[in-house]
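Novice: Okay, here's the structure, questions in a sec.
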Amino acid sequence: MVNYSIAEEDIASCNVQYEYRTFILTLHPPFFDDEDWHHSLIHEIQHGLLKPIIQFGDKLIEHYVNDEHTTKFLLDQFAYLEEQVAEDLSLFAKELLREQSSQALSEADETRPSNGQAAVRRGKGGIPKKFRK
6 MVNYSIAEED IASCNVQYEY RTFILTLHPP FFDDEDWHHS LIHEIQHGLL
56 KPIIQFGDKL IEHYVNDEHT TKFLLDQFAY LEEQVAEDLS LFAKELLREQ
106 SSQALSEADE TRPSNGQAAV RRGKGGIPKK FRK
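So the sequence shown is numbered by our numbering: it starts at 6 and just counts up by one.
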């Protein structure tokens, strides 16, 4: 589900209820001015995918750590690491998409007939590239 909110300064945010298989993406006003909105969208999706692990870790910390200061420290560290991993995965996904797009364009250029190939198809001579030496 995708929501729109005018209340926050963030570009986008997500809320995950993994047990219900629910991912709610909320777009905030700065999202629509973000030149790299694709990255922000991918980043939030990564949070959605990571959230079950983060929630499990948070529950373990809250259950087994009795010291309030240590609990806060560990939860903050877990949140920081979640942000770092979401960003790393987003950059990786963007690079894969860029590479895939580049490869698709390259393959499209290879299948596009050259002038000689087009001439052969129209019966006007020319030697197709694959038969040239």
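The C-beta atom is built at its ideal place from N, Cα and C for all residues, glycine as well.
Less than 8 Å separating the beta-carbons of Lys-56 and Val-90?
Specialist: Residue mapping note: residue 56 aligns to position 51 of the sequence shown, counting from 1. Residue mapping note: residue 90 aligns to position 85 of the sequence shown, counting from 1. The answer is no: Cβ separation not under 8 Å.
Novice: For the stretch 41–52 and the stretch 60–73, state whether three or more C-beta atom pairs, one from each stretch, are separated by less than 8 Å.
Specialist: Judged by Cβ distances under 8 Å, the stretch 41–52 makes no contact with the stretch 60–73, as fewer than three pairs qualify.
Novice: Which word fits Leu-102, buried or exposed, when buried means at least 16 other C-beta atoms lie within 10 angstroms of its C-beta?
Specialist: By one-based count along the sequence shown, residue 102 stands at place 97. Leu-102 comes out exposed.
Novice: From Glu-73 to Tyr-23, what distance separates their C-alpha atoms?
Specialist: The residue you call residue 73 lines up with position 68 of the sequence shown. The residue you call residue 23 lines up with position 18 of the sequence shown. Roughly 27 Å between the two C-alpha positions.
Novice: Among Phe-78, Leu-96, Pro-35, which has the Cα closest to the Cα of Asp-15?
Specialist: Here residue 15 corresponds to residue number 10 of the sequence shown, with the count starting at 1. Checking every option, the nearest Cα to that of Asp-15 belongs to Pro-35.
Novice: Are the CB atoms of Phe-83 and Ile-59 within a distance shorter than 8 Å?
Specialist: Numbered from 1 along the sequence shown, position 54 holds the residue referred to as residue 59. Numbered from 1 along the sequence shown, position 78 holds the residue referred to as residue 83. Cβ atoms of Ile-59 and Phe-83: closer than 8 Å.
Novice: Report buried or exposed for Ser-107, applying the criterion of at least 16 other Cβ atoms within 10 angstroms of its Cβ.
Specialist: The count along the sequence shown starts at 1 and reaches residue 107 at position 102. Exposed, since its Cβ has fewer than 16 Cβ neighbours within 10 Å.
Novice: If you draw a straight line from the C-alpha of Leu-86 to the C-alpha of Gln-105, how long is it?
Specialist: The count along the sequence shown starts at 1 and reaches residue 86 at position 81. The count along the sequence shown starts at 1 and reaches residue 105 at position 100. Cα to Cα, the separation comes out at about 28 Å.
Novice: Where do the ends of the beta strand (DSSP E) carrying Ile-146 lie?
Specialist: Any property of residue 146 remains undetermined from this structure, which presents the chain solely from 6 to 138.
Novice: Count the other CB atoms within 10 Å of the CB of Ser-154; is the residue buried (16 or more) or exposed (fewer)?
Specialist: Given that the chain is displayed from residue 6 to residue 138, the structure contains no residue 154 and the question cannot be resolved.
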